[in-house]
Amino acid sequence: MLPPIPHNPALFIDVDGTLLEIAARPEDVRVDQALLGQLRRIQQGLSGAVALLSGRPIEQLSRLFAPLELPMAGLHGVERRAADGRVTVVGVPQAAIDHARGVLRGLVEAHAGLMLEDKSRSVAVHYRRVPRLEPLVEQACGELVKQLGEDFHVQRGLLVREIKPRAADKGTALQEFMSEEPFRHRRPVAIGDDVTDEDAFRAAERCGGFSIAVSDPVRGRLRLPGPRALRGWLTMLAEQLARPSG
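Letter 109 of the sequence shown, counting from 1, is numbered 91 in the working numbering, and no numbers are missing.
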């Protein structure tokens, strides 16, 4: 059974594993034209109140979803592009990120199967091809943040660990969007598949909305079994928004 569609919603949607199936490598992901058309119809029906919340940089998200222009938060909230196009970025000590990048590059080069994802303002190690190396990656990232200090933390995700600034997450990004048009005075619906999305889930619920988990281990108020089911829910929403009111 699909989750109910709330009155006057604002949508905050994760990308990888939620809108799109997880790919072997982040750069292998593609957005199909049907999804772009679906999101465009929903964006129009909600007067623009649809945003992406992703661990990817905004630059990547913009390329993936072009020519559709959506409000979006990248790097788990470190970067944010408002509906009016204004971009804000949480300050990042670049020397610290450079140090983390060098250490994690050495880790990846020493262990076949690990993959480094350099996001400029954060850096991640994927171990989806070698899940047995999770303890090694966890230990290395934990030791790194101790060196970098309290401004950084380890962002845990599905078969990935990321070193990023502590000051921002998907929850802070959602709250900032909710203070702006066209999101203000709407009921937020946060949708995601990973523990990184739970910050957005809690923020949506604090703002009077709810969460939809698109994965079994993630704790959301409602649940869908995967991206395909989410596409079905979005189709239902687009059809409802297209009906004449009254």
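Yeah, the Cβ is synthetic: ideal placement off N, Cα and C, and Gly gets one too. Keep in mind the model is a prediction, meaning the values are calculated, not measured.
- Is D176 closer than 8 Å to D10 when the C-beta atoms are compared? For D10 and D176, no; Cβs fall outside 8 Å.
- Task: Check whether the Cβ atoms of P164 and C189 sit closer than 8 Å, and answer yes or no.
- Result: 8 Å or more divides the Cβ of P164 from the Cβ of C189.
- Item | P209 vs L2 beta-carbon contact at 8 Å | A contact, by the Cβ cut-off of 8 Å.
- Range of the contiguous alpha helix (DSSP H) that encloses S44: Counted as a single uninterrupted DSSP element, the alpha helix (DSSP H) harbouring S44 occupies residues I40 to F47.
- When we look at the beta-carbon of D151 and count the other beta-carbons within 10 Å, is it buried (16 or more) or exposed? Around the beta carbon of D151, 16 or more other beta carbons sit within 10 angstroms, so the residue counts as buried.
- Could you tell me if I(-13) is buried or exposed, where buried requires 16 or more neighbouring beta carbons within 10 angstroms of its beta carbon? Under this definition I(-13) is an exposed residue.
- Message: Cutting at 8 Å between CB atoms, please list the residues of its own chain near V69, excluding the five before and the five after it.
- Response: The answer, listed in chain order, is I40, E61, R62 and R63.
- Does the count of Cβ pairs from the stretch 73 to 88 and the stretch 122 to 129 closer than 8 Å reach three? Yes: the two stretches touch, three or more of their Cβ pairs being nearer than 8 Å.
- Run through DSSP, which three-state label would R143 get? In this structure, R143 counts as strand in the three-state DSSP scheme.
- Message: Which of the three DSSP states is assigned to P170 in this structure?
- Response: In this structure, P170 counts as strand in the three-state DSSP scheme.
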